[in-house]
Amino acid sequence: MTTLRAEPLTARSMGTHHDRVDGPEKVTGRAPYAAEHADPASPPVAAWMVTSTVARGRVLRVDASAAVEHPGVLRVLDHESAPRLADTEDEELAVLQDDRVRFRGQVVALVLADTAEAAREGARLVRVHYAEEPHEAAYDASTATYSPEGVNAGHETDWADGDLEAARGTTGAVVVEGDYSTPHEFNSPMEPHAAVVSWDGTTLTMWDSTQAVHAVARTLAPMLGLDPAQVRVAAPYVGGGFGSKGLPHAPEMVAALAALAVGTDDPGRRVRLVTTRQQMFALAGYRTATRSAVRLVAEPDGTLLSVEHDATSQTSRFKEFAEQTATAARMMYAAPARRTTHRVAGLDVNVPSWMRAPGEMPGMFALEVAMDELAVATGVDPVTLRERNEPATDPETGKPWNERRLVECLVRGAERFGWADRPTAPRATRDGDWWVGTGVAAATYPTLYMPGNEARIETLDDGRYAVSIGAVDIGTGARTVLKQISADALGVDPAAVEVHVGDTDLPFATVAGGSAGTASWGTAIAAAVQQHRADHGAHPEVGTHTTAGAEPYPDMEGHSLHSFGATFAEVRVHAWTGELRVSRMVGVYSVGRVINPTTSRSQLLGGMVMGISGALHEDGHRDPRFGHVVTQDLATYHVAAHADIGDLQVEWLDEVDELATPMGGRGIGEIGIVGTAASVANAAWHATGVRVRDLPLTADAFLDLPPLS
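Position in the sequence shown counted from 1, then plus 1, gives you the working numbering.
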């Protein structure tokens, strides 16, 4: 693959509104999602997963006799009859390969039938006999933990700098210490994980609900004993993911094994598997619960002397995932000394994974509530406190910032929100039966760039071009913004560009995640256009094409690249019931150039909504006696609905950051959720005088208000 340094683009379409190119297909119902790729000539085989009812042990026997006698049931696969994998090192994906049960909800059998109804009834009729073993599924303060080798996104497990003892011993220092927690949270996209798969004896074709088609192919192929070229994965339309579809999970492997089994006798016949909403809570990843011990030591005027953040989380015993909860504390504020640690508890549970802003969301909740407590302890306005602790350079690396405009976000947000009118004392404003308070929290997210992407540029007739890249649009508007980027790179109107995405038949693209998709794919497109011009001139002939990628772009060696923001919340707490309402919220962000104001606003608002949902509702509960998630549907695992969302306003600073990307923009998918829950918690304290350090904020915490001192 040819790679070159992409040159900055001149903005023509970028920064302006452009209708979603996939809008008409979606609103008219013509956009096919994963489960809808049926073959009209041959109805697909329906697959239904049978999952374990014990948390640890062995499968002694799968009795499928009643199931196979049910009309429409074709066969039942289990650990003895399923196709064998060539590689079983990844125990999450090595399904139906041995008799071990590692967690409650693990796939232990698969029913194949002519219809979904027959498959579901067949699954109910399967009887699985177990040799149950003692398990450990409780995660609380007494759970034993260990130090992982590293934490998510490649961060060091522990990190320290400066003299903590000297900071603690400073005469007259103000010390704030607190324990903060976030619960298990579950990605709940509208479209559950689903796949339609066929095997014709040579090629495995999968229509998948995924955030990364190439990652699925490259992960599954060697495990299946196939060459990556034998696995084609397509995801033309995806109904959300929030990180749960960023990595392959067990349902994709189950669907592939089913296709191999069916395709051996009936080559090319498709198999359809749709994960139920209940199964999503066991098989699609989730944000692990976190516990954070935060200690801030400051001068009486609020100037920080030290920051300490010790984080623990839970992982599965058979596959480690460590949330990077404390990493934001390493770089967020200036202080002569700081320390962060991460510890995990290995339990007999399903594997945690990515969920929107892993690490930053729970970590910044803890840090930003602690900062609010410091503001109260020192008598310094919360906005002023954050301004006072602005670092000139990155405290973690010592590098200069690319664009650290947090103070501008705070100032602009305070102005738009009306922060100057806020009473200093808590429980000072009452509107009828409601106590009213306001709170603020800062947000940050690193500027990530994923190398290895490549794009193909093809000259069409009438001055048009086709731009192809195996990126996935999970509903964020990637098709639209890539069309705008391509148009500016080519120097044409967006109407002259066809964008093709979501297929491994297209050039390689990394995951739609880490707020890095547009940055990484757009940079590859810019580089490919440059190479196309170099190969074929300024006016290339029809039919000429070029495939190329970009050299690593962001100046990570010379600068510390992050985005920042500030969230202001107004919260109303009912004086008699303790009910909480977020009546209004303002978010102001520094994210570089915004490629499309319409889709960007949607992403930032969506992050804020998800943050409010985490602040007030989301609380996944695992019963340690049996190891399963009790809240395994949207009736018991509550997410924010329309009635929970008040007046939300979002704004971004006018800027262009060409240190980050040739487009001048940075990622926006995740920063909207960061800090949002903390601003709600801080506003609830201001409304009532009750400090809650655990998510979600529930009414019972506000029923008996303490006397104000």
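C-beta atoms are modelled at their ideal positions from N, C-alpha and C, and glycine is treated no differently.
Measure from the alpha carbon of E571 to the alpha carbon of each residue in S189, Q279, P237, S680, then state which is nearest. S680
Using the C-alpha atoms, what's the distance from A456 back to H575? 55 Å
If you run the structure through DSSP and keep just helix, strand and coil, what is G73? coil
For a minimum of 4 consecutive residues, which ranges assigned as the alpha helix (DSSP H) are wholly contained in the stretch 521-556? none
DSSP three-state label for M207, please. strand
For Q98, three-class secondary structure by DSSP: DSSP places Q98 in coil when its eight states are reduced to three.
Cβ pair V715, V275 closer than 8 Å: It is not possible to answer for residue 715, since the shown part of the chain is limited to 2 through 710.
Starting from H687 and walking both ways along the beta strand (DSSP E), at which residues does that stretch end? Per DSSP, H687 belongs to no beta strand (DSSP E); it is in the alpha helix (DSSP H), 677-689.
Compute the beta-carbon to beta-carbon distance between A323 and P149, rounded to the nearest angstrom, for a pair I have assumed lies under 8 Å. The Cβ separation is near 4 Å, so the contact holds.
Report buried or exposed for A147, applying the criterion of at least 16 other Cβ atoms within 10 angstroms of its Cβ. What sits at residue 147 in the sequence shown is Tyr, not Ala. Here Y147 is exposed: its Cβ has fewer than 16 other Cβ atoms, across all protein chains shown, within 10 Å.
Have a look at Q98 and V255 and give me their C-alpha separation to the nearest angstrom. C-alpha separation (whole angstroms): 11 Å.
Starting from the N-terminal side, write out each stretch of the alpha helix (DSSP H) that is 4 residues or longer and does not extend beyond the stretch 191-268. 214-225, 251-266
Can you find at least 3 beta carbon pairs, one from the stretch 651-660 and one from the stretch 343-358, that sit closer than 8 Å? no
Whose C-beta lies closer than 8 Å to the C-beta of L698 among residues of the same chain, with five residues either side of it excluded? In its chain, beyond the 5 residues on either side, L581, A616, L617, V681, A682, A685 have a beta carbon closer than 8 Å to the beta carbon of L698.
Residue nearest to E157 in terms of C-alpha spacing, selected from L368, R534, F509, A329: A329
Can you tell me whether R13 is helix, strand or coil according to DSSP? coil
I need the DSSP call for L348, collapsed to helix, strand or coil. strand
Quick one: what's I458 bridged to in DSSP? DSSP lists V468, T547 as partners of I458.
Option in R692, V96, S82, L94 with minimal Cα separation from G440: R692
If I'm right that G612 touches I674 with Cβ under 8 Å, what's the distance once you round it to whole angstroms? 4 Å
Would the stretch 295-312 and the stretch 358-368 be scored as touching if the rule is three or more Cβ pairs under 8 Å? yes
Hey, E671 and R357 are a contact pair by Cβ (cut 8 Å); roughly how many whole angstroms apart? 5 Å
Keeping to the same chain, check which residues put their C-beta closer than 6 Å to that of M2; ignore five residues upstream and five downstream. E455, G550
For I596 and V384, I'd like the C-alpha separation in whole angstroms. 29 Å
G179: first and last residue of the uninterrupted beta strand (DSSP E) it sits in: In the DSSP annotation of this structure, the continuous segment of the beta strand (DSSP E) that includes G179 starts and ends at 175-183.
Rounded to whole angstroms, how far is the Cβ of R105 from the Cβ of T54, which I believe are closer than 8 Å? Contact between R105 and T54 is confirmed by a C-beta separation of about 7 Å, below the 8 Å threshold.
Of all the alpha helix (DSSP H) runs that stay within the bounds of the stretch 322-402, which reach a length of 4 or more residues? 361-379, 383-389
Which two residues bound the contiguous alpha helix (DSSP H) that contains Q604? 598-617
Output the distance between the C-alpha atoms of W208 and R103, rounded to the nearest integer angstrom. 28 Å
I'd like to know if the stretch 37-57 and the stretch 106-124 are in contact, where contact means that at least 3 CB-CB pairs between them fall below 8 Å. yes
With 16 as the cutoff for other CB atoms within 10 Å, does L635 come out buried or exposed? exposed
Whose C-alpha, out of D228, F509, P237, A443, is nearest the C-alpha of P452? Each of D228, F509, P237, A443 was checked against the Cα of P452, and the nearest Cα belongs to F509.
Minimum C-alpha distance to S614 - residue among W355, Q279, E186: E186
CB of T547 within 8 Å of CB of I458, strictly: yes
If you compare alpha carbons, which of V377, Y590, H629, E369 is closest to M333? E369
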